[in-house]
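Note sheet for the following structure.
Here it is, written out as C-alpha cells:
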C-alpha cells in the first residue's frame, strides 16, 4: 500500500515552506525592539519610583511601623507622625466626590447621548470636556472665593437645623472644609466620567433600545432598563477613572479643604487629604518629617493602585456577568 | 398531509375574518429619501401575512410603520393612515407607547437583554409601568415561554443569562418576550435570517401555531418560507426612485401559483431579486 501522503509530499517539501516563511525584515525587528524597550522603560520607571519612595521613607517606616497608618497626630516638633486623618480625608472627599459626580455625570451623559437635539450635542460635549481643561489651581481659586462663600450660609443653616446628625454638626468656619474639598473633586471628576459614560451609551446597539420600545416602554424606560444595564461595565469603568482622578488630585483640594488634621465625621470641619498634606508640609519639612511625608506619598501610591485594580476587577466582573449571564 | 393542511389554510383564509390593520395611503421617508409610496393593504385578523420582495424594497420599513417604530430613528417621517381596529395610530394625540403594547415586534437578529436572566427577559415587558401585574408574574412568564415552544428547554435555566442560549432559542425567547405582554398583532422582521435550518423550521412551526391567537405579519426574503407559513402574501418592489410599492397582494396560494402581475411572477420564478 502506498504510504499516506503528507502535506510536504503534496507541496514539494521545502518549496512550500519557503513560500510561507518570509525572513523577518530588519525594519520589523527594529520596530519590535524599540516598542518593547519603551514598554519596559515605563515599567522600570514605575518600579524605580516605588523603590526610591520606599528607600527615602524607610527611616519613618522603621520608626513607626503600623502606627504610621493608625496614628492621628502629625507633630514635627515631637517627631510623631500618624497618617490616619490624611488617609481618612482622602477617602472621605473622594467618596463625597463620587456621590455627587456619578449621578450628575450619568444624567449629563444620558442627555448628550440619547435626548439632546442633534445641533446641541457637539457643543455641549465640547463644553463638558473643556471643564477638564481648567487648570487645577484656577478651579481651586474659584472654589475658595466663589464656591465656599456661597456654601457657607447653607452649611450654617444645615448645622443649626440638622446638627443632631453627626455629618452636619457644627461649628462651621468659613466654608473651607471636607465638603468643599469633595465638591471641588466632583467637578474635576465630572468631565472624564461623563465622556466615558456617553461613549459607553453610544455603543449600545440600537436593537437593544428598540427591543424595549417594542414592548411598550417609554423613552425613559428604554434607557433605564435596556440601555444603562447594557452599558454598565462602561459606567463602572468611568466611575473608577473619576475616582482615580479624585484620589490623586492635589492643588484644588488643598486650597479648599481647610488644612485641619482631625479624624471626624463632620463634613463642615476643616480637613486634609494625603495629597494636600504632602503639598502643604513638604516646603518647611526637615529631618524625619521628610521621611514621613515620603511614606505618606507611598501610601497614596498604594491607595491609588488598589483603587485602580479594584476598578479593573469590578469591570471584568460586570463584563463576565453580562456575557456569561446569570448567577 | 401537506395538501390537507394547505386546503385547510386556504379555507381559513377565504373564511370571513375582519381586517385587523389597514394601511391606507401610507408613505414613509428617511430624511429626503422616500422608502414607501402609497401603500394600502388590509391585514386580516388571526392570519399570517407574509411581506416579500427584493432587498431594499421597503418591506421592513413597512412593518416598522405598523407599530410606530419607524419614527424611532432620527430624521424619519410617515404620512397616510394606519388603522388598528379602525383607529388611526398616526392620529394626533395617539401615544406610540400604547400602540406598541398592542402591536409587538420580533427583530431580524435575536436581541435578548444580555444583562437579564431568561425569566427577566420574558418578564421585561410585564414589569414596565402600567403593565405591572401584581401576582402571577411567574405564570405569565411560563405561559409565554410555552407559547413560544421554549418552556421545556429553559425551565431549568430560568435564572441563567438570556445570552447563554443558542441562536434559535434566543429568537424564541424574543418571541416569548413579545407574547408575554399579550399583544393583538405580532410583527416579525425576517425572524429566521440569522438562524440555521433546524431552528428556522421550529420557528415556522411556531408561527403556524401562534396564528390561532395572533395576527402575524412576517417579513421574509425567503419565498419558500412565505409559502410555507403564510395565508396572505404581499409583494413589494422598488420603483425607479427606490421607493417601495405594493405590487400585488392576495392569498398566498394565488400569489405563488397564479400571480396577477408579471413582475410578481418574475420574482417568484427567480428571474430577479
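Residue numbers (my numbering), protein chains in the order written: chain A, 1 to 327; chain B, 1001 to 1273.
No residue lacks a Cβ here, since even glycine has one placed at the ideal position from N, Cα and C.
{"query": "Name, in chain order, the residues that DSSP records as bridge partners for residue 1033 of chain B.", "result": "B:1030"}
{"query": "Against chain A, with Cβ distances strictly below 8 Å, would residue 1020 of chain B count as a contact?", "result": "no"}
{"query": "So what does residue 110 of chain A bridge to, in DSSP terms?", "result": "DSSP lists no partner for residue 110 of chain A."}
{"query": "Tell me the DSSP secondary structure of residue 168 of chain A in three-state form.", "result": "helix"}
{"query": "So, for residue 1015 of chain B: in the same chain, excluding its five sequence neighbours on each side, which residues have a beta-carbon less than 8 Å away from its beta-carbon?", "result": "A caution first: residue 1015 of chain B carries a pLDDT of 45, below 50, which makes its placement in the model unreliable, though a value can still be read off. Within the same chain, residue 1015 of chain B has no close Cβ partners at all."}
{"query": "Would you kindly work out how many angstroms separate the C-alpha atoms of residue 1166 of chain B and residue 1176 of chain B, rounded to a whole number?", "result": "15 Å"}
{"query": "Assuming residue 1162 of chain B contacts residue 1170 of chain B (C-beta within less than 8 Å), just tell me the rounded distance between them.", "result": "7 Å"}
{"query": "Can you check whether the CB of residue 274 of chain A is closer than 8 Å to the CB of residue 86 of chain A?", "result": "yes"}
{"query": "Beta-carbon separation of residue 1214 of chain B and residue 1186 of chain B under 8 Å?", "result": "yes"}
{"query": "If the cut-off is 8 Å on Cβ atoms, which residues from the segment 218-241 of chain A count as contacting chain B, listed in chain order?", "result": "218, 221, 225, 226, 229, 230 and 232"}
{"query": "How would you list, in chain order, the residues of chain A whose beta-carbon sits under 7 Å from the beta-carbon of residue 1109 of chain B?", "result": "207"}
{"query": "Got a sec? Which residues, its chain only, sit under 7 Å from residue 1342 of chain B by beta carbon, not counting five neighbours each side?", "result": "Outside the shown range of chain B (1001 to 1273) lies residue 1342 of chain B, about which nothing can therefore be said."}
{"query": "Considering residue 145 of chain A, what are the terminal residues of the beta strand (DSSP E) in which it resides?", "result": "No beta strand (DSSP E) holds residue 145 of chain A; DSSP gives it neither H nor E."}
{"query": "At a threshold of 7 Å, does residue 259 of chain A count as lining the ligand ZN (C-beta to nearest heavy atom)?", "result": "As presented, the structure is devoid of all ligands, the ligand ZN included, so that no description of it is given."}
{"query": "In chain E, what lies closer than 9 Å to residue 212 of chain A by C-beta?", "result": "The chain labelled as chain E is not found among the protein chains of the depicted structure, namely A and B."}
{"query": "In terms of DSSP beta bridges, what is residue 1218 of chain B paired with?", "result": "B:1050 and B:1188"}
{"query": "Just to confirm, is the Cβ distance from residue 1051 of chain B to residue 1065 of chain B under 8 Å?", "result": "no"}
{"query": "Ordered along the chain, which non-local residues of its own chain (more than five positions away) have a Cβ less than 7 Å from that of residue 84 of chain A?", "result": "69, 70, 71, 72 and 263"}
{"query": "Report the option in B:1110, B:1119, B:1091 and B:1039 whose CA atom is closest to the CA atom of residue 1168 of chain B.", "result": "B:1110"}
{"query": "How about the segment 1211-1230 of chain B and the segment 1033-1046 of chain B: do they share at least three Cβ pairs that are nearer than 8 Å?", "result": "yes"}
{"query": "Assign residue 277 of chain A to one of three DSSP states: helix, strand, or coil.", "result": "helix"}
{"query": "For residue 1 of chain A, name the three-state secondary structure that DSSP assigns.", "result": "Reliability of the predicted coordinates at residue 1 of chain A is poor, the pLDDT of 44 falling under 50, and the value obtained from them is presented with this limitation in mind. Note: residue 1 of chain A maps to coil in three-state DSSP."}
{"query": "Could you check if residue 1236 of chain B is buried or exposed, using at least 16 other CB atoms within 10 Å of its CB as the buried criterion?", "result": "buried"}
{"query": "Helix, strand or coil for residue 193 of chain A, going by three-state DSSP, please let me know.", "result": "helix"}
{"query": "Of all the residues that make up the segment 1079-1113 of chain B, which are near chain A by a beta-carbon distance shorter than 7 Å?", "result": "1097, 1100, 1101, 1104, 1105, 1107, 1109, 1111 and 1113"}
{"query": "Buried or exposed: which applies to residue 1098 of chain B, given that a residue is buried once 16 or more other Cβ atoms fall within 10 Å of its Cβ?", "result": "exposed"}
{"query": "What is the rounded straight-line gap between the Cα of residue 254 of chain A and the Cα of residue 90 of chain A?", "result": "11 Å"}
{"query": "Report yes or no: do three or more beta-carbon pairs, one from the segment 193-207 of chain A and one from the segment 272-290 of chain A, lie closer than 8 Å?", "result": "no"}
{"query": "Along chain A, in chain order, which residues have C-beta atoms closer than 8 Å to that of residue 1140 of chain B?", "result": "In chain order: nothing, as chain A lies at least about 13 Å away."}
{"query": "What residue range is occupied by the uninterrupted beta strand (DSSP E) comprising residue 284 of chain A?", "result": "Careful: residue 284 of chain A lies outside any beta strand (DSSP E) and carries neither H nor E."}
{"query": "So, do the segment 1020-1037 of chain B and the segment 1052-1062 of chain B have three or more beta carbon pairs nearer to each other than 8 Å?", "result": "yes"}
{"query": "Around the C-beta of residue 1243 of chain B, are 16 or more other C-beta atoms found within 10 angstroms, so that it is buried, or is it exposed?", "result": "buried"}
{"query": "Taking a cut of 7 Å between CB atoms, which residues from the segment 286-319 of chain A lie near chain B?", "result": "none"}
{"query": "Expressed to the nearest angstrom, what Euclidean distance is found between the alpha-carbon atoms of residue 149 of chain A and residue 317 of chain A?", "result": "43 Å"}
{"query": "Sort A:280, A:251 and A:247 by Cα distance to residue 261 of chain A and report the nearest one.", "result": "A:280"}
{"query": "Could you give the distance in angstroms between the alpha-carbon of residue 215 of chain A and the alpha-carbon of residue 256 of chain A?", "result": "50 Å"}
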